[in-house]
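Undergrad: I'd like to ask you about the structure that follows.
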Amino acid sequence: MAEIVIVREAAVAGALVADEIVRLIRDKPDAVLGLATGSTPLPVYEALRPRLEGMDVSRVRGFALDEYVGLDPAHPESYRSVITREVVEPLGLDPALIRTPDGSPEGIERHGEEYEASIREAGGIDLQILGIGTDGHIGFNEPGSSFASLTRVKTLTEQTRRDNARFFDSIDDVPMHCITQGLGTILRARHLVLLAFGAGKADAVAGAVEGPVTASLPGSAIQLHPHATVVVDEAAASKLAHADYYRYAYDNKPAWQGL
Ligand code: F6R
86 MAEIVIVREA
96 AVAGALVADE
106 IVRLIRDKPD
116 AVLGLATGST
126 PLPVYEALRP
136 RLEGMDVSRV
146 RGFALDEYVG
156 LDPAHPESYR
166 SVITREVVEP
176 LGLDPALIRT
186 PDGSPEGIER
196 HGEEYEASIR
206 EAGGIDLQIL
216 GIGTDGHIGF
226 NEPGSSFASL
236 TRVKTLTEQT
246 RRDNARFFDS
256 IDDVPMHCIT
266 QGLGTILRAR
276 HLVLLAFGAG
286 KADAVAGAVE
296 GPVTASLPGS
306 AIQLHPHATV
316 VVDEAAASKL
326 AHADYYRYAY
336 DNKPAWQGL
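Positions 86 to 344 (the numbering used here) are the ones given, in order, by the sequence shown.
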């Protein structure tokens, strides 16, 4: 079972996860981070900024979860741009060590395999940050995605395109296709940290944590992982049947265990 941590607000979650990432980088200066985009991980990146000041992050490596297909990498909403703006620049990481899947249509059929090879060459991902979509997707693995899937092109659901339209002028500008790490790729990371905030995520979180393990709710793949941590606010936790137990377990957690 994943460890479920229920916090008062997103900023507390951000601080908790940022502390864990700092610990990781102290132990392993060339740590490999799995980076999510979207709104959810922002409190983590914000909390990391002051914590990483004065630390040597020159060897930290990173792999984004996903990218839109056919969106100019220079477009402000390409995940290349988002990761540069929200992670690489504020945290002072070396841009040459931070990768996003290549979403250019030219040769797209090979880009998934190439991305998998780069992750392998880096020695795998140490800590993968995840958000979850309202339809239960992680990365852009929409419902029905194989648990064995690796980085590949997927078609975004209408729901995901609607959810992400807030970053664009209209839903028509949200690309139809993406290239995303697969559920199999995500499950290979050594530590999964899934965050979710707000009532809109409550069903997806309950399904991922307590529902059956099913490709119909891709986030439920975390139940197969030996080290998964789910950090949610009260609203996102509101549909968890065993919330009291999760609070009790966390409050009585041995200090040596870390996150
Ligand atoms: C982003 C990603 C997605 C998002 C999910 C939630 O790289 O892979 O799975 O985490 O769509 O998005 P937000 O955080 O914007 O609600």
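Where is the CB? At the ideal position from N, CA and C, for every residue including glycine.
Would you check if there are 3 or more beta carbon pairs closer than 8 Å linking the segment 252-269 to the segment 154-164?
TA: yes
Undergrad: Can you list, in chain order, the residues of its chain whose CB lies under 7 Å from that of Gln244, leaving out five sequence neighbours each side?
TA: Thr219 and Asp220
Undergrad: Drop a sphere of 10 angstroms on the beta-carbon of Lys239, count the other beta-carbons inside from all chains shown, and report buried for 16 or more, exposed for fewer.
TA: buried
Undergrad: Have a look at the DSSP bridge pairing and note the partners of Gln213.
TA: In DSSP, Gln213 forms a bridge with Gly119 and Leu277.
Undergrad: I want to know whether the segment 91-103 touches the segment 319-332 - three or more CB-CB distances under 8 Å.
TA: Contact between the segment 91-103 and the segment 319-332 is present, because at least three Cβ pairs lie under 8 Å.
Undergrad: For a test of your reading of the model: does the CB of His276 fall under 7 Å from any non-hydrogen atom of the ligand F6R? Yes or no.
TA: no
Undergrad: Using beta-carbon positions only, say whether Phe148 and Val129 come within less than 8 Å of one another.
TA: no
Undergrad: Would you tell me roughly how many angstroms separate the C-alpha atoms of Gly46 and Ser143, rounded to the nearest one?
TA: Residue 46 is absent from the structure shown; the chain starts at 86 and stops at 344.
Undergrad: How would you write the range of the beta strand (DSSP E) that Val129 sits in, first residue to last?
TA: Looking at the DSSP string, Val129 is not in any beta strand (DSSP E); the run it does join, the alpha helix (DSSP H), is Leu127 to Leu137.
Undergrad: I'd like to know whether the C-beta atoms of Ala313 and Leu279 end up nearer to each other than 8 Å.
TA: Yes.
Undergrad: What do you reckon, is the C-beta of His160 under 7 Å from a heavy atom of the ligand F6R?
TA: no
Undergrad: With DSSP run on the structure shown, which of helix, strand or coil describes Val298?
TA: It is coil, neither helix nor strand.
Undergrad: For Gly197, which of Ala181, Pro190 and Pro186 has the nearest alpha-carbon?
TA: Pro186
Undergrad: For the ligand F6R, any of its heavy atoms closer than 7 Å to the Cβ of Gly123?
TA: With a cut-off of 7 Å, the C-beta of Gly123 is classified as near the ligand F6R, since at least one heavy atom of the ligand falls inside that distance.
Undergrad: Could you check the C-alpha separation between Phe225 and Pro303 for me, to the nearest Å?
TA: 9 Å
Undergrad: Take the Cβ of Val315 as the centre, count every other Cβ of all protein chains shown within 10 Å, and call the residue buried at 16 or more, exposed below.
TA: Per the 10 Å Cβ criterion, buried.
Undergrad: Just verifying my parser: in three-state terms, what is the DSSP assignment at Gly285?
TA: In the structure shown, Gly285 sits in a helix (DSSP, three-state: H, G or I).
Undergrad: Can you name the start and end residues of the alpha helix (DSSP H) that Arg195 belongs to?
TA: Ile193 to Glu206
Undergrad: Indicate whether at least one CB of chain C lies closer than 8 Å to the CB of Gly155.
TA: Annotation note: the requested chain C is absent from the structure, which comprises a single protein chain.
Undergrad: I'd like to know whether the C-beta atoms of Leu344 and Ile214 end up nearer to each other than 8 Å.
TA: For Leu344 and Ile214, no; Cβs fall outside 8 Å.
Undergrad: Around the C-beta of Arg184, are 16 or more other C-beta atoms found within 10 angstroms, so that it is buried, or is it exposed?
TA: buried
Undergrad: Tell me the residue span of the alpha helix (DSSP H) that contains Val172.
TA: That residue, Val172, is in no alpha helix (DSSP H); it is neither H nor E in DSSP.
Undergrad: Quick check on the burial criterion: 16 or more other C-beta atoms within 10 angstroms. Buried or exposed for Ser255?
TA: exposed
Undergrad: With DSSP as the reference, label Arg247 as helix, strand or coil.
TA: Helix.
Undergrad: Sorted by chain position, which residues of the same chain lie with C-beta nearer than 6 Å to Gly139's C-beta, five sequence neighbours on each side aside?
TA: none
Undergrad: Give a single yes or no on whether Ile168 has its beta carbon closer than 7 Å to a heavy atom of the ligand F6R.
TA: no
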